[in-house]
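> This structure is in structure tokens; I'll ask about it shortly.
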Amino acid sequence: MKKIVQGWYILFLLIPILLVVFCSFLTKGSPIDFSFSLEGYKRTLHYGFPFLRSLGYATVVSFLCLLIGFPTAVVIVSSKKWRAMLLFLVILPFWTNFLVRIYGWKIILRQLDLLGTPWAVIIGLTYIYLPFMILPLYSSLERFDSRIYFAARDLGASGLQSIIKVVLPCISPGVRVGLLFVFILTFGDFVVNDLLGGAKNAMIGSSIRDAYLLSRNWPLGASLTVVSTLLLLCVFWIGRKWRSSGT
Amino acid sequence: MLKIEGINKRFGSNEACKGINLEVRKGECFYLLGPSGCGKSTLLSMIAGHLSPDSGDIILEGHSLLNMPPNKRPIHTIFQSYALFPHLTVFENVAFSLRIKGVVDLEERVLKKLDLVSLLEFKDRYPEELSGGQQQRVAIARAIIDEPSLLLLDEPFGALDTKLRKEMQLELKALQRSLGMTFICVTHDQEEALSLADRLAVMNSGSIEQLGTPENVYDSPATRFVASFIGESNILDGKVEGDKILLSNSISVPITKKFQSGEIRGVVIRPEWFELNDGVSVFSLTGEVISRLFQGASILYLIKTELGKIKVLVPVDDDLSPRQIGDSVVVRCTSGSFEVV
Ligand SMILES: Nc1ncnc2c1ncn2[C@@H]1O[C@H](COP(=O)(O)OP(=O)(O)O)[C@@H](O)[C@H]1O
Ligand SMILES: [Mg+2]
């Protein structure tokens, strides 16, 4: 069993990553020349804004998803009769093509005069990735003993205080998984921003796609990917620090 | 000090509390006793403020609590299975309400309460690292930390084994006396309620059937439910005739309460009111032993008679020659006053 897991990791995680890292140190050709070059990494320096935009959107959208996802998950867990139905509704959108749903939002956002603004991107990303927050929160909340919340209320905490001081820490595995999912997926998204925000203000996902597919600059694409991954690792490292100092 | 007036609460079609009235006095240990599902926890939740009643009022020292959120009520609860905060140490669990209030001498007060429940050395542990009894002490310390005027306890001993339960019962009762706090406890364990309560209310499917002292409720059950729920009892049905009830053609017992002649009523006779020997009696029967349970200091016999199966409790030292299953015996009723339900 352990062997299979190790083999799986090597085949589907380690080898692709090593290939990307390897590629990032090569020279642009058609598509690549096998000679060492740092040209890809030098050019990533021009991509500060896409990186920042991705980080910013990912941060805002993760917390928005938590803010919306938490009450939603609470409602689902506490409604015994409708639970299965509500869960089904949460995953129902996945049955429709992603692009169709984004085009739907395009129409709504145009009506609201928001199309092309960062708000449109935030709304679109939050909408698309919300289920990835709701489901892990739901599974943690399902195992949470609601008496613990009532105990906090009983001991003088307001509703909000009880949620922040007691409920969220108790379901922190779900919160972390949810934030992780939404953050990673939002960070790498390259469709929502293009369609709702306009292609001019690219997120890093679009930049990577363009490097690979439009300008056929594989070393650049690979360099951007490696830097993205390092950035994400940094964010999680900071997250861990912050959490362990918090408790 | 706490008055509950005409409280109703329903969940869908399920009436959990039906017109409950009661008054709890300052400094007493009041018990709500009833089978599981009869609405005890629901009533407690309404007093604590986690649920609001559909109608009726809850008045604490002259002021209605209904529009007060649970965090503002001067009441704490010890929850069924304690509901300790799993992510906080024992110290932080106990300190919780003081941290919310932001008091200055927090550490001193927490340590004092931890000492009171002899948990000082465990203050840095997490709840999951404690035994059931220790967890209960944490719950107690946490709930009495700011000396609330009223403490609610939902099945406080339900999660403990028998021996520990007795110990904790004595300890908690002593604590209640020394702190002079008012307790409202909930249990389905009649033995616990009878031994610890100053007064108790017996509940059945959402209503209070009887309210009184343990002696009062045990000796004169007001309803058939109370008679069968509290302690062991035989309820023998018979027809009322004037100031007597006919249990059979030849057996009748005198009654004090007034009933319509011809009504079918039950006479409550505790198993210890019967004896298995000759002598003076209100009435006696012959029967056959069909089962017996040795209970340490006494033996409980089940005896088949013309009035149905009767439970008889005989102290071991009175019972010089224990009866065997199949023996014919004479069952003698020695009590002269009966409750009729
Ligand atoms: N939140 C709720 N929703 C629906 N029904 C409930 C709820 N809480 C309790 N009940 C029902 O109300 C009745 C009384 O419950 P409860 O007060 O917990 O009983 P007890 O504590 O005496 O065992 C039960 O039939 C229970 O199923
Ligand atoms: Mg209960």
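Residue numbers (my numbering), protein chains in the order written: chain D, 1 to 247; chain G, 248 to 588. Note that beta-carbon positions come from the ideal geometry of N, C-alpha and C, so glycine has one too.
(1) Within 10 angstroms of the Cβ of V166/D, are there 16 or more other Cβ atoms? Answer buried if so, exposed if not.
(2) In angstroms with no decimal places, state the Cα-to-Cα distance between T581/G and G459/G.
(3) Have a look at the DSSP bridge pairing and note the partners of D33/D.
(4) I'd like to know whether the C-beta atoms of L291/G and V433/G end up nearer to each other than 8 angstroms.
(5) Enumerated in chain order, which unbroken segments of the beta strand (DSSP E) with a length of 3 residues or greater are wholly contained in the segment 17-105 of chain D?
(6) From this set, T409/G, A388/G and D408/G, which residue's C-alpha is nearest L400/G's C-alpha?
(7) For W105/D versus L196/D, is the C-beta spacing smaller than 8 angstroms?
(8) Reducing DSSP to helix, strand and coil, say where L230/D ends up.
(9) Does the beta-carbon distance from I204/D to L224/D come in below 8 angstroms?
(10) For I32/D, which residues from the same chain have a beta carbon less than 6 angstroms from its beta carbon, with the 5 sequence-adjacent residues on both sides left out?
(11) If I measure Cβ to Cβ from D393/G and keep anything under 6 angstroms in the same chain, skipping five residues before and after, which residues do I get?
(12) For a cutoff of 8 angstroms on Cβ pairs, would you count L179/D as touching chain G?
(13) Tell me which residue opens and which closes the beta strand (DSSP E) that P501/G is part of.
(14) Measure from the alpha carbon of P395/G to the alpha carbon of each residue in A421/G, L377/G and G427/G, then state which is nearest.
(15) Just checking: is the beta-carbon of R147/D within a distance shorter than 8 angstroms of some beta-carbon in chain G?
(16) Which of helix, strand or coil does DSSP assign to C276/G?
(17) Could you name the residues of the same chain whose beta carbon sits closer than 7 angstroms to that of G509/G, not counting the 5 residues immediately before and after it, in chain order?
(18) Here's the rule: buried if 16 or more other CB atoms are within 10 angstroms of the residue's CB, otherwise exposed. What is T503/G?
(19) Quick check on C170/D: does DSSP put it in helix, strand or coil?
(20) Count the CB pairs spanning the segment 173-191 of chain D and the segment 129-141 of chain D that are closer than 8 angstroms, and state whether there are at least three.
(21) Among residues of its own chain, excluding the 5 on either side of G453/G, which ones have a beta-carbon nearer than 6 angstroms to its beta-carbon?
(22) If we define contact as Cβ-Cβ less than 8 angstroms, is N318/G a contact residue for chain D?
(23) Given a limit of 8 angstroms on CB to CB distance, which residues of the segment 166-178 of chain D reach chain G?
(24) Find out if the Cβ-Cβ distance for the pair E522/G, R570/G is shorter than 8 angstroms.
(25) Quick one: which chain D residues come within Cβ less than 9 angstroms of K348/G?
(26) Does the distance from the C-beta atom of I122/D to that of L64/D stay below 8 angstroms?
(27) Between L86/D and V77/D, what straight-line distance do the alpha-carbon atoms span, to the nearest angstrom?
(28) Which bits of chain G does F150/D rub up against, with CB to CB less than 9 angstroms?
(29) For L231/D and F51/D, which I take to be in contact (beta-carbon distance under 8 angstroms), what is that distance rounded to the nearest angstrom?
(30) Is the separation between the beta-carbon of G188/D and that of S140/D shorter than 8 angstroms?
(31) Can you give me the C-alpha to C-alpha distance between E586/G and V473/G, rounded to a whole angstrom?
(32) Closer than 7 angstroms: is that where the CB of Q571/G sits relative to any heavy atom of ligand 2?
(33) Which residues mark the beginning and the end of the beta strand (DSSP E) in which I209/G is found?
(34) Taking 8 angstroms as the limit between beta carbons, can you name the residues of its chain near I304/D, skipping five residues before and five after?
(35) Apart from the five residues just before and just after D574/G, which ones in its own chain have a Cβ nearer than 6 angstroms to its Cβ?
(36) Given a cut-off of 8 angstroms on the beta-carbon distance, is the pair L363/G and K370/G in contact?
Let me spell this out:
(1) Around the CB of V166/D, 16 or more other CB atoms lie within 10 Å, so the residue is classed as buried.
(2) 26 angstroms
(3) Per DSSP, T27/D.
(4) yes
(5) 26-28 and 32-36
(6) A388/G
(7) Their beta carbons are under 8 angstroms apart, which means W105/D touches L196/D by this criterion.
(8) helix
(9) yes
(10) L26 and W218
(11) S344
(12) no
(13) S499 to P501
(14) G427/G
(15) Yes, R147/D counts as interfacial toward chain G.
(16) strand
(17) Closer than 7 angstroms at the Cβ level, and outside the excluded window around G509/G, lie K486 and V487.
(18) exposed
(19) helix
(20) yes
(21) E262, A263, C264, K265 and G286
(22) yes
(23) Result list: V166, P169, C170 and S172.
(24) With respect to the 8 angstroms criterion, E522/G and R570/G are not classified as neighbours on the basis of their beta carbons.
(25) G156
(26) yes
(27) 9 angstroms
(28) S292, A295, H297, P317, T324, F326 and A330
(29) 7 angstroms
(30) no
(31) 11 angstroms
(32) no
(33) The structure shown does not extend to residue 209/G, since chain G spans only 248 to 588, so no value can be given for it.
(34) Residue 304/D cannot be examined here, being either before or after the span of chain D that is shown, 1 to 247.
(35) V536
(36) no
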